[in-house]
Every structure is written in structure tokens, then in C-alpha cells.
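**Student:**
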Amino acid sequence: MLRAGGDPARLRILELLLSGERQVSEIAELTDAEMSTTSQRLRILLGEDLLKRRREGRDMFYRLADCHVETLVRNVLDHADPTVTIDS
2 MLRAGGDPAR
12 LRILELLLSG
22 ERQVSEIAEL
32 TDAEMSTTSQ
42 RLRILLGEDL
52 LKRRREGRDM
62 FYRLADCHVE
72 TLVRNVLDHA
82 DPTVTIDS
């Protein structure tokens with residue numbers, strides 16, 4: 002689970018989802034990544050039970066799996082080295 006969230010790009014997705022559910026295209030845009038790359042990252046996070054998803058018509062929405070994941074992400078971000086950015 003920590004390995005899945007330890008990748009900077011996947012951690013950025015988790016950080017975005019701290020503010021609530023987002024559509025996959027919005028996640029791709031906010032992380033400046035291709036849809037296919039974003040989908041692959043989301044699949045990894047789903048596979049580790051860090052995320053939940055729901056479909057609304059043709060749109061897929063993602064959110065953090067539960068309050069434990071939210072706490073984990075917040076703790077990781079709180080203890081991260083401030084000189085290292087996760088935007089890369």
C-alpha cells in the first residue's frame with residue numbers, strides 16, 4: 002500500500018482526492034498527464050484499496066477509499082521533506 006502511494010505521481014493523485022471525489026479527466030488535467038497514464042495510476046491505487054470509484058453514465062469518479070486512507074495521506078504529506086515537490 003505504501004509502495005503504491007509512494008510514487009510521486011500517484012501521491013499527487015491521492016493529494017488531489019483529499020478535497021473530494023474527482024472525475025478521471027479532471028485528475029489527468031490537474032496532474033498534467035495523459036488519460037491513459039492517469040488510468041494506469043488509478044488502477045494501481047485501486048488495486049491496493051486506496052481508492053473507490055463510481056460510474057455516472059460514461060464518466061468515472063474516484064475518491065479515497067476511507068478515512069484511514071485520508072489519514073495516511075495527510076500524515077505522509079505532513080512528514081514529507083518540504084524541499085521535495087510531488088508535482089513532478
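In this text, residue positions in the sequence shown follow our numbering: the first is 2, and each later residue adds one. By construction, the Cβ of each residue, glycine as well, lies at the ideal position given by its N, Cα and C atoms.
Going by CA-CA distance only, name the one from 44, 73 and 68 that's closest to residue 61.
**Tutor:** Among 44, 73 and 68, the Cα nearest to that of residue 61 belongs to 44.
**Student:** I'd like to know whether the C-beta atoms of residue 29 and residue 10 end up nearer to each other than 8 Å.
**Tutor:** No; because the gap between Cβ atoms is not below 8 Å, this pair is not in contact.
**Student:** What three-state label does DSSP hand residue 61 in the structure shown?
**Tutor:** Three-state result, residue 61: strand.
**Student:** Which residue's Cα is closest to the Cα of residue 51: 58, 71 and 77?
**Tutor:** Of 58, 71 and 77, the residue nearest in Cα terms is 71.
**Student:** Going by CA-CA distance only, name the one from 64, 4, 80 and 15 that's closest to residue 32.
**Tutor:** Taking only the C-alpha atoms, the option nearest residue 32 is 15.
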